[in-house]
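**Student:** Supplied in structure tokens, the structure appears directly below.
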Amino acid sequence: MPWCPKCGAEFRKGFTACNTCHVKLIDHKPDGTETIEEISPPPQGWERESPKKQRILRILRALTVVLLALAAALLLQNL
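If you count by our numbering, then the sequence shown holds residues 89 to 167, one letter each, in order.
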């Protein structure tokens, strides 16, 4: 079973990193002599989206801004 060398948590087979400490797991119970290899934390929010989804969302946001600006211009024109 894999173990976290930092917090000592035990994981099921198949896990490669501690989800709390973001360090690589070792194959034995930690005894304090292990080196701790930090890994980058998993992406959050927008970073998890694929580049294609990010591009589509940026386009939709830009279209929304343009439509709101047109609506405001039409409202001001009628005053």
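For every residue, glycine included, the Cβ atom is placed at its ideal position computed from N, Cα and C. Note that the coordinates shown come from a computational prediction; the quantities given were computed from them, not determined experimentally.
Can you tell which of THR121, TRP91, ILE144, LEU162 has its C-alpha closest to the C-alpha of ALA105?
**Tutor:** Comparing Cα positions, the closest option is TRP91.
**Student:** Would you call the CB atoms of LYS112 and GLU125 closer than 8 Å?
**Tutor:** Contact: yes.
**Student:** Roughly how many whole angstroms lie between the Cα atoms of SER128 and LYS94?
**Tutor:** 15 Å
**Student:** For ALA105, does the three-state DSSP call read helix, strand or coil?
**Tutor:** Strand at ALA105.
**Student:** Using only the alpha-carbon positions, how far apart do VAL154 and LEU163 sit?
**Tutor:** 14 Å
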